[in-house]
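Residue numbers (the UniProt record's numbering): 1 to 332. A short worksheet on the structure shown next.
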């Protein structure tokens, strides 16, 4: 649990900067905005500090969501967050947004661009795909891709359609996909369609593996995603082989452990075992069990054998009872 200490004044109302509303709020996630507003309320009301548990309970969020929100606003230069100690406590200062640098819009004259029929048509098509009107910031962003990314209007529309088909119409998500396409050197519709197919095929397999393990794809972290990518694309294992590695993992440790599964698949890949049949036809105990597993079993067996071979003695329990009670020196 963390504690957030606010540098503040004292007021019965919470003033919110119009700059925050116009520039920062539209592109932020809803829970991040909630954290900012509640923190601002604590700040201006003179609250010295509040625990993450109390804030999370008030907003119906996880405590990790709070820290993610504060880190986001820190990256946006909206607040200044400073660790106070090593116990997870932070000092949070709300910055004056009037002095924040204006966003770089590459000197795009929006009114001039809207006079171009091709640009105007593209933006109207984007609005239809997203099912909502575009802000001036969004219009500027899409227009900038024509020059900065060398995207044609057709590629931009395909990108928007792809995001909308996944139910992702957030401006930041769309921008993230556009950057990924640019990094992948997509220049035409064929490149874009090939990229979509390859990416979707990978994620279809990943979702099937996660479903087999009982894990949602939203719950995995980047290192786990990298392991899944290695199993599918680097090792080129079919799904049934990966499922078998998962089964072995469950049999051994009774839970889904990515490192354990990765060790199993790494061993199979090293030995060239690429099918379930090849794995089943080979004695793979050394391959997918820890090296000390057989040793421990042998120790247990040896221990059991020694115990069983020990010659048990018989006792006269009446004589023992007399000795314990001190009756052995007395007459019966």
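All C-beta atoms, glycine included, are put in the ideal place defined by N, C-alpha and C.
- Here the alpha carbon of residue 56 sits roughly 46 Å from the alpha carbon of residue 112.
- Residue state for residue 144 is assigned as helix, using DSSP reduced to three classes.
- The alpha carbon of residue 43 has as its nearest neighbour, out of 51, 267 and 92, the alpha carbon of 92.
- A contact is defined here as three or more CB-CB pairs under 8 Å, and the stretch 123-132 meets this definition with respect to the stretch 145-163.
- Of the candidates 41, 171, 77 and 175, 41 places its Cα closest to the Cα of residue 16.
- DSSP places residue 204 in the uninterrupted alpha helix (DSSP H) bounded by 189-213.
- Just so you know, the alpha carbons of residue 276 and residue 247 end up roughly 12 Å apart.
- With contact defined as three or more Cβ pairs closer than 8 Å, the stretch 178-191 and the stretch 200-216 are not in contact.
- Rounded to whole angstroms, the gap between the alpha carbons of residue 146 and residue 152 is 6 Å.
- A residue is called buried when at least 16 other Cβ atoms come within 10 angstroms of its Cβ; residue 142 meets this threshold and is buried.
- If you draw a straight line from the Cα of residue 138 to the Cα of residue 149, it comes to about 16 Å.
- Burial state of residue 179 is exposed, judged by a 10 Å Cβ sphere holding fewer than 16 other Cβ atoms.
- It is roughly 22 Å from the alpha-carbon of residue 155 to the alpha-carbon of residue 203.
- The count of Cβ pairs closer than 8 Å, one atom from the stretch 235-245 and one from the stretch 257-268, reaches three, so the stretches are in contact.
- Each of 175, 135, 274 and 32 was checked against the Cα of residue 110, and the nearest Cα belongs to 135.
- Taking residue 133 as the centre and dropping the five residues before and after it, the same chain places the C-beta of 127 closer than 7 Å to its C-beta, in chain order.
- Judged by DSSP secondary structure, residue 71 falls within the alpha helix (DSSP H) whose first and last residues are 63-75.
- Distance from the Cα of residue 28 is smallest, within the candidate group 76, 51, 47 and 67, for 76.
- 25 is the residue among 18, 144 and 25 whose C-alpha sits nearest the C-alpha of residue 170.
- In this structure, DSSP gives residue 162 a helical state, which the three-state scheme calls helix.
- At the C-beta level, residue 256 and residue 215 come within 9 Å of one another.
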